[in-house]
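One structure is given here, and the rest of the page talks about it.
Numbering (this note's numbering), first residue to last: 611 to 798.
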């Protein structure tokens, strides 16, 4: 039996954010007009040569996260500047809309971060663009999340769920080892 392996496309991968302090009252919001999203977890390792052969020790996970978008006047873009200037902690979700589980939830990464850099390009003959880099806390978590109707509507133009909730509540589903390779898009 052939596996249901499907390629994933960058145009179907989105970054959502919200201020952590607003988790009880606000949904995660799509950063509008994204043109690029870079997500790179990595781990340094050191190797020590011994008489019996090399021994490797692994360091902690470090995650590079950045997003480029056309500059705009949305409230969530202003929240990114609040994070940079005021140190506001953000929650983030990277949603892969090209990968679903049997419950109709989308594969995603969830994490917490602050903005570490906000770069603007404002050429006279082009749209203003921004690139935001984040300092990510700890190790991002894999899981599955449902997109609220408002998020689905925001995406149409282009492990914790996005709904408003308390800090320790969740509407998502944690990643399990058995989830490897799951994609039920197009299956009954």
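For every residue, glycine included, the Cβ atom is placed at its ideal position computed from N, Cα and C.
| query | result |
| --- | --- |
| Rounded Cβ spacing between residue 765 and residue 624 (contact assumed at less than 8 Å) | 6 Å |
| Any 3 or more C-beta pairs closer than 8 Å across the stretch 657–665 and the stretch 727–736 | no |
| Alpha-carbon spacing of residue 757 relative to residue 774, whole angstroms | 12 Å |
| Nearest candidate by alpha-carbon position, reference residue 712, set 622, 695, 754 and 692 | 754 |
| CB contact flag (residue 687, residue 723, <7 Å) | no |
| Residue 641 versus residue 784 - alpha carbon distance | 24 Å |
| Which residues DSSP lists as bridging residue 617, in chain order | For residue 617, which the question treats as bridged, DSSP gives no partner whatsoever. |
| For residue 696, the first and last residue of its enclosing beta strand (DSSP E) | Element bounds for residue 696: not the beta strand (DSSP E) but the alpha helix (DSSP H), 685–696. |
| Element boundaries [beta strand (DSSP E), containing residue 671] | 663–680 |
| Whole-number beta carbon distance between residue 751 and residue 708, since they are thought to touch under 8 Å | About 20 Å separates the two Cβ atoms, so there is no contact after all. |
| Separation of residue 737 from residue 668, as counted between CA atoms | 43 Å |
| Contact under 7 Å by Cβ, residue 682 with residue 793 | no |
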